[in-house]
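For reference, the structure discussed in these notes is given below.
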Amino acid sequence: TRLSSGPALGPDFLTGAGAAGDGWVFAEAYTDPSAAPAAKAFTAAHRARFGAPPDRWAAEAYDAVGLIVRAAESTSAADAERGGIARRLFLLSYDGISRPIAFRTTRRVRAETGMFLYRAEDGRARWLGPYADV
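For the sequence shown, position 3 matches number 3 in UniProt numbering, and the numbering has no gaps at all.
Here is the structure:
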């Protein structure tokens, strides 16, 4: 099995490599909302509204907004005016549709659940699931 990570998985590779690309496995930081069970309702709502599946990074963007909303809802109005929302973000954990989001005491994102595997098959990227589960 050949393995890669990062931006290599995309249309240029999938079409350019042809059959030679089949079987390559890619580690990526984004989930496939059309395949991830936790994103089923999000994907259905997106299809109903836009007539297409969500794009790459859509689930992560949805989760980022959800985390900010949760921080805003748990911060007083006075604190919100003084950067309280930003400070609150780092104290929360949020179960998103793409992954759980939490921060270390250093304010860096906990990345234990942040990688997903894909396999190139027939010119397409097939989602295999979270790295820890595959």
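Note that beta-carbon positions come from the ideal geometry of N, C-alpha and C, so glycine has one too.
Keep in mind it's a predicted model, so treat the numbers as computed, not measured.
Check, Outcome
"Cβ-based neighbour list, serine 98, same chain, cut-off 6 Å, excluding 5 preceding and 5 following", "Thr31, Ala59, Glu60, Asp63"
"Run of the alpha helix (DSSP H) containing leucine 89, from where it starts to where it stops", "84-89"
"Cβ contact check for the region 50-58 and the region 103-121: 3 or more pairs under 8 Å", "no"
"Burial state of alanine 28, where buried means 16 or more other Cβ atoms lie within 10 Å", "Residue 28 is actually glutamate in this sequence, not alanine. Buried, by the Cβ-count rule."
"DSSP-derived helix/strand/coil call for aspartate 55", "coil"
"Chain-order list of residues whose beta-carbon lies under 6 Å from that of threonine 75 (same chain, five-residue window excluded)", "Gly84, Ile85, Arg88"
"Selected residue, minimal CA-CA separation from glutamate 112, among Val65, Ala132, Leu91, Asp122", "Ala132"
"Straight-line Cα distance separating proline 33 from serine 4", "21 Å"
"Where alanine 41 falls, given that 16 or more other Cβ within 10 Å makes a residue buried", "exposed"
"Threonine 15 classed as buried or exposed, judged by whether at least 16 other C-beta atoms fall within 10 angstroms", "exposed"
"8 Å Cβ shell around alanine 17 - same chain, five flanking residues per side excluded", "Trp24, Ala120"
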